[in-house]
Amino acid sequence: MSIDVAISADRNVNKKETKKILIYEYLTIEIQRMWNVKAKVILVIRGANGTTSKSLRQYLRNIPGKQEIQELKKAILCTAH
2 MSIDVAISAD RNVNKKETKK ILIYEYLTIE IQRMWNVKAK VILVIRGANG TTSKSLRQYL
62 RNIPGKQEIQ ELKKAILCTA H
């Protein structure tokens, strides 16, 4: 499982997510082919002012444990600073 975290301008969140999906699609296929394992990429895209992608909740469901979006936003914001 790979997790990619990105921060972009608020108006570019969906565009950034689409770009990352295309990039990681080929990487995921290659990892599965080379090592004969299941591979999954989780994208966490956040806008500079707190906007998140529409599919963030779907991606977070794939991470084991309980994640709260508000806590995730705080962690990403602190990391960005």
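Here the working numbering is used: the first residue of the sequence shown is 2, the next is one more, and so on.
Cβ coordinates follow ideal geometry from the N, Cα and C atoms, glycine included.
Source: prediction; values computed, not measured.
CB residue i to CB residue j, shorter than 7 Å?
i, j, result
"L57", "Q68", "no"
"A40", "T52", "no"
"E1", "S54", "Given that the chain is displayed from residue 2 to residue 82, the structure contains no residue 1 and the question cannot be resolved."
"V42", "S3", "yes"
Given a threshold of 16 other Cβ atoms within 10 Å of its Cβ, counted over all protein chains shown, does residue i qualify as buried or as exposed?
i, result
"E26", "exposed"
"V14", "buried"
Rounded to whole angstroms, what's the CA-CA distance from residue i to residue j? Just pull it up for me.
i, j, result
"P65", "N50", "27 Å"
"L23", "R34", "17 Å"
"I70", "Q59", "12 Å"
"K16", "D5", "15 Å"
"K21", "K75", "22 Å"
"W36", "E72", "34 Å"
Count Cβ pairs between the stretch 8-24 and the stretch 43-55 that sit closer than 8 Å; are there 3 or more?
Yes, the stretch 8-24 touches the stretch 43-55.
Secondary structure, beta strand (DSSP E): runs of 3+ residues fully inside the stretch 23-48:
Listed in chain order, the complete beta strand (DSSP E) runs (minimum 3 residues) inside the stretch 23-48 are 42-48.
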